[in-house]
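Presented below is the structure to which this report refers.
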Amino acid sequence: MLYREAGQFKTTYAEDMAIFPIRQDRIALGILLGIAFIGVPLLADFDIWPFGSDYLLRAILLPFLILALAAIGVNILVGYCGQISLGSGAFMAIGAYSAYKLGTGVHIPLTWLDFAISIPPLPVLLAILLGGLTAAVVGILFGIPSLRIKGLYLAVATLAAQFFFDWVFLRVSWFTNYAPSGSVNAPTLDFFGLNVGTPIERYMLCLIFVTAFAVLVKNLVRGNLGRQWMAIRDMDIAAELIGIRPLYAKLTAFAVSSFIIGVAGALWAFVYLGSWEPLAFSIDRSLQLLFMVIIGGLGSIMGSFVGAAFILILPILLNLIPTQLGVPLSTETITHLEFIIFGSLICFLLIKEPHGFARLISIGKEKLRLWPFPY
Amino acid sequence: MIALGQFLEVLIGGLMSGVLYSLVALGFVLIFKASGVFNFAQGAMVLLAGLALVRSLDLLVAWGFPVWAAIILGIGFAAVIMAITAWLIERFVIGPLVNQDALTLFMSTIGVTFILEGAAQMIFGSDAYPLRLFPTDAWFLFENLFPGGILVNKLDVWGGFIAGILVAGLAIFFERTKTGRALRAVADDHLAAQSVGIPISWIWFVVWLAAGLVALVAATVWGTKLGVQFSITFLALKALPVLIIGGLTSIPGAIVGGLIVGAGEKIAEVFLGSHIGGGIEYWFAYVLALAVLLVRPQGLFGERIIERI
Amino acid sequence: MLRNKLMLAAAILSGGAFASPAAAQNEQFIPILSYRTGAYAVNGVPYANGVADYYNLVNERDGGINGVKLLVEECETGYATDKGVECYERLKGKGPTGAAFINPLSTGITFALTEKTTTDKIPIITMGYGRADSKNGAVFAYNFPLLGTYWSAADIAIQHIAKEVGGVDKLKGKKISLLFHDSPYGKEPIPMLQVLAKKHGFEFTPIPVTHPGVEQKSQWLAIRQNRPDYVLVWGWGVMNGTAVKEAAAVAYPREKMIGVWWSGAEPDVTPAGDQATGYKALMLQHGAGKFPVHADIEKHVYAKGKGASEPGKVGEVLYNRGMVNAMLGVEAIRKAQEKFGKKPLTGEQVRWGLENLNLSEARIKEMGFEGMLKPIKISCSDHEGARDGRVQQWDGKGWKIISDWYTANQSDTEPLVNDISAKYAAEKNIQPRDCSKES
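Protein chains in written order, with our numbering: chain V, 1282 to 1656; chain C, 3 to 311; chain P, 203 to 641.
What follows is the structure, encoded as structure tokens:
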């Protein structure tokens, strides 16, 4: 009843090609963005429930936004281009560490040339974006094997990147500015003279990043490039036959995906953790991101958000519920139960809807269109 | 200069530990061959089998059973547990997911990993339990030829011996028995197999059971090596490069892949790692796998992928 | 389908409700970050049990600290940094006054929380672990690496080796290897050992073991060829037991292996069985065994069926460490109550208590910890409080103490502490406090 598009006529091509052709969708999105951009800061400013403490902001919304951004990156590669990657954690690490290096100043002494390359500490915003760029370059490099290796073989091959960079950031102390423990601290988050310190400022920063990239990616995948990716995903030989260059399509997918993952990695390190070690970007992170994408829905930006929320928040909820209800269980049992229930829910979801939440949402929309008279 | 004795020692040690990885990789191959599922849960299955074995052993010995009887009963109990697990997985996860794409199936096995890890530790405990089924000391060979001799760990020899028996047994099973032939038929094309009357869910149960038993065997060896504890699940990550070097569908490939990975990573770690800071064997195995895949994209013995429009 | 979504949304919202602070009472809230699952559960469980039992004892026997009951909540980190941060955010604001202090039992989580705890004014107790430079309280106002940092541990280990080889001058030309867990935890001692190697003229080789340490064959084959005089083990979890087993396999004498105090507990040696006999490890002052305080725990906690551990495991090394850790926290609160009154205190007030904590021999005896601990006195410039250790050896059945007390040389550690902490202060724009003006 509410969700009818009857009477919404499209009179120009531009209207027909809009991202959200249905007015109700636009309104819903507007409300969502309004809540995110205005509602949350307002509530947090006045300490209104549920923002009385920073828990929700610092421990849930912040990681959610950053991981959703990373999930969008993974989705480009896995969901749109069909190249399974288990190395996303490594690309987050590359983004984080190169942003750290650029943010604290790079100094490469070339003694045999009697010359040193020195870059003064760059502004944080630039450092984060350049960190993403570095990740993109490395992504292209590790994307080259994808021209020959396919499917699950490729997935395992991308683990080479994962383990290699885990090692590099542990062993090469240049990356950690020779910190004795190998754990590094993010520089102060200074954006054009504005110091981003409080949880709500950090939240807004991530929100701006995520929104900007989501819009960018949404437009990218609707365009020429996105169509090339999807053609490669659906059948690469057929795509090649109709004139799509696999080299160009696959490597751009690797580049764009790694760029976004790299930026997310830099945010994760700078904004969320503040101080980190390579273990923060281990294989578990890669698997977690892949989960978000698959549970959320391959090839869906919206799905990346829902998937990230589900994978991130569900374990926390499962862990919280027994203590809050006062069920006398030991932490040990609760965590084991959390594992079992989490695993079961994932299997259940995959069985019920192998295409993830994105598919559920579109089915929901179809039903809503007919509601309340489904005939 | 690298002494010949040391090189041989590292080479032999590497080949041997490679075979131990193969024990875990075999479970992956079995399931992939028969159902196209890349079973990430193999590591968790090793943990479950190991915990079931070691906990029942402790209990039986405490009840006064003689050790040999306790071992037989313990292995029997663990096998039953693996059978139940196989049935549950087939019935509730893999069965309903038939015909889904490889990635979905892969993710569902990660879900299974969570369930198995949680359940195994909840039921059997999350401590480190010592298991001593095989000797773990070493022989020193050719002591007259090389100073200090060449060290060969007895456990590794046992592991190699067991892996040999396992591969031979699996080969006979696949080639000679009726179920084995049915398995191969299902692996080739499960729809065609079903249409000639092969009960597909039974076959899948058999495959998961076989993988569970392989996990049990791996657990006896690795449990002796490490003690049965959660970290045993990390073996899955050591088995993956072995698996793709050999090819996802080849049982001998798992052994050959194990030998290549084991020897390669140990030699790299000892002779190259000391110059660049050490700790390189984890990624070296994967880089080795990547290099092999660039030459042969389906692994050394994997089935050639033929794509048609 | 939409209903599912709504339910999810409702669930998320109610998750927010959980975070709202509990009702105010006369209770002091103490969070426990523990790991009872995952790769390091083997060591995490006995420790967490010791912590939980001691808080329970204070409540059951004394009715809290001067009448202020302890309210404890445990949160599972699984030794993962991001989970640790989430746990910290979840628990820091609970209770009437928020968390009294936090104790992450992971060097990685310590690094991640250092800055956050300073902003939130909650002290972070890292007894026997954490960042070694945080000994300097002038820079790290909220970090308390009580009883010994890794740099003190390295110094004590080298002192013991010197004694075994017959004097400091005999160290010259000796080969000492460090087998370490490849993480911030394992890497902390390296700079200190490099300094000592230069000073005493021994040859130092670090050998990394990749997390979690199930595969160490190449490391030990290299050790077998290199034949170091001593191998220091800086491991955690499965890595320790595997190291002992591999050492046995390459016939490296276990007597020449010295573990740090995190590599010297029962779960580290029992999986190796007889092969572990002779293995040595540092003690963070205390070792295994039962002392008068254990009798209290058995009487007031276990007799009432409130114990967290299997009764047979009370008195294990890591259980005792958890207890000592909890006790120091409780004593800090008690000290702070002297100044701020007998009521629930904020983290900032407890920080004062920690910084002015001074446990005399008599007080330690009174609490039933005699024989486990030496007196400890914390000050603004010294957040470590004490840097003593002994060495114990596994005889196949239990840990036997085989050495006298060693005290780490401040002359060795101090330059490094000042150097690294000054760097941190510069990086973070921290103006170090003037310790002479602190009361």
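We put the CB at the ideal spot given by N, CA and C, even for glycine.
These numbers come from a predicted model, not from an experiment.
Per-residue contacts from residue i into chain C (C-beta, under 7 Å)
i: histidine 1617 (chain V); result: Gly120, Gln123, Met124
i: glutamine 427 (chain P); result: Gln8
Residue i and residue j closer than 8 Å at C-beta
i: leucine 272 (chain P); j: aspartate 498 (chain P); result: no
i: tryptophan 210 (chain C); j: alanine 88 (chain C); result: yes
i: glycine 1412 (chain V); j: valine 1544 (chain V); result: yes
i: leucine 135 (chain C); j: threonine 235 (chain C); result: no
i: serine 1625 (chain V); j: isoleucine 117 (chain C); result: yes
i: alanine 451 (chain P); j: aspartate 255 (chain P); result: no
i: leucine 1367 (chain V); j: alanine 1325 (chain V); result: no
i: isoleucine 1351 (chain V); j: methionine 1373 (chain V); result: In the sequence as displayed, the identity of residue 1351 (chain V) is alanine instead of isoleucine. Yes, they are a contact pair.
i: glycine 7 (chain C); j: isoleucine 152 (chain C); result: yes
Residues near residue i by beta carbon distance below 8 Å, same chain, minus five either side
i: tyrosine 1294 (chain V); result: none
i: leucine 168 (chain C); result: Leu25, Leu28, Val216, Val219
i: lysine 1646 (chain V); result: Tyr1284
Within chain P, partners of residue i - CB distance below 7 Å
i: asparagine 155 (chain C); result: Ala451
i: leucine 1451 (chain V); result: Asp384
Identity of the residues DSSP links to residue i by a beta bridge
i: tryptophan 607 (chain P); result: DSSP, once it has assigned bridges, lists no residue as partnering tryptophan 607 (chain P).
i: alanine 140 (chain C); result: C:Asn155
i: asparagine 1476 (chain V); result: V:Asp1471
i: histidine 383 (chain P); result: P:Val411
i: proline 592 (chain P); result: In the sequence under discussion, the amino acid at residue 592 (chain P) is arginine, which differs from the proline named in the question. BP columns for arginine 592 (chain P) point to P:Met485.
i: glutamine 1364 (chain V); result: Per DSSP, none; premise fails for glutamine 1364 (chain V).
i: asparagine 1466 (chain V); result: V:Ser1556
i: leucine 561 (chain P); result: P:Ile578
i: serine 1399 (chain V); result: V:His1388
i: phenylalanine 1450 (chain V); result: None; phenylalanine 1450 (chain V) has no bridge partner.
i: phenylalanine 231 (chain P); result: P:Leu273, P:Ala301
i: glycine 461 (chain P); result: P:Val435, P:Ala483
i: tyrosine 131 (chain C); result: C:Val230
i: isoleucine 378 (chain P); result: P:Phe406, P:Tyr432
i: lysine 1291 (chain V); result: DSSP output for lysine 1291 (chain V) lists no bridge partner at all.
Beta-carbon contacts of residue i that lie in its chain and below 6 Å, excluding the five residues immediately before and after
i: alanine 220 (chain C); result: Leu25, Val26, Val48
i: alanine 1380 (chain V); result: Ala1408, Ile1409, Gly1412, Ala1547
i: glycine 1580 (chain V); result: Gly1360, Tyr1361
i: glycine 38 (chain C); result: none
i: glycine 161 (chain C); result: Val21, Leu22, Val223
Cβ neighbours of residue i in the same chain (closer than 7 Å, five flanking residues each side left out)
i: valine 263 (chain C); result: Gly20, Tyr23, Pro243, Val244, Ile247, Ala287, Leu290
i: arginine 263 (chain P); result: Asp498, His502
i: leucine 1342 (chain V); result: Tyr1484
Chain-ordered chain P contacts of residue i [CB-CB under 9 Å]
i: tryptophan 1455 (chain V); result: Residues of chain P passing the Cβ test: none, with the nearest at roughly 15 Å.
8 Å Cβ cut-off: residues of chain C touching residue i
i: threonine 309 (chain P); result: Neighbours of threonine 309 (chain P) on chain C: none; closest Cβ ~18 Å, over 8 Å.
i: glutamate 417 (chain P); result: Ser19, Lys240, Glu283
i: valine 1437 (chain V); result: Leu242, Pro243, Leu245, Ile246, Tyr288, Ala291
i: tryptophan 1448 (chain V); result: Gly281, Ile282, Tyr284, Trp285
Residue i: contacting residues in chain V (beta-carbon distance under 7 Å)
i: valine 114 (chain C); result: Gly1624, Cys1628
i: proline 393 (chain P); result: Pro1461
Listed by chain order, chain P residues near residue i by CB distance under 8 Å
i: arginine 1662 (chain V); result: Nothing can be reported for residue 1662 (chain V), as the shown portion of chain V is limited to 1282 through 1656.
i: glycine 1555 (chain V); result: Ala314, Glu317, Lys318
Per-residue contacts from residue i into chain C (C-beta, under 9 Å)
i: isoleucine 1564 (chain V); result: Leu239
Per-residue contacts from residue i into chain V (C-beta, under 8 Å)
i: isoleucine 311 (chain C); result: Met1516, Ile1518, Ala1519, Leu1522
Margin query: Measuring CB atoms only, is the stretch 50-67 of chain C touching the stretch 172-188 of chain C, in the sense that at least three cross pairs come out at less than 8 Å?
Written below: no
Next item on the list: Give a yes or no on contact between the stretch 1426-1446 of chain V and the stretch 1517-1531 of chain V, applying the rule of three or more CB pairs nearer than 8 Å.
Entry: yes
Margin query: Across the stretch 291-310 of chain P and the stretch 538-548 of chain P, are there enough close Cβ pairs to call them in contact, namely three or more that are closer than 8 Å?
Written below: yes
Check: For the stretch 587-608 of chain P, which residues have a beta carbon sitting closer than 7 Å to at least one beta carbon of chain A?
Finding: Protein chains V, C and P are contained in the structure displayed, whereas chain A is not.
Notebook entry, point to check: Taking one C-beta from the stretch 316-336 of chain P and one from the stretch 560-569 of chain P each time, how about it: are there three or more such pairs within less than 8 Å?
Noted result: no
Check: Is the number of C-beta pairs between the stretch 586-602 of chain P and the stretch 277-286 of chain P that are closer than 8 Å three or more?
Finding: no
Note to self: Could you check whether the stretch 380-388 of chain P touches the stretch 436-451 of chain P, counting it as contact only if at least three pairs of C-beta atoms, one from each stretch, sit closer than 8 Å?
What the structure shows: yes
Next item on the list: Pair every Cβ in the stretch 232-241 of chain P with every Cβ in the stretch 302-309 of chain C, then say whether three or more of these pairs are closer than 8 Å.
Entry: no
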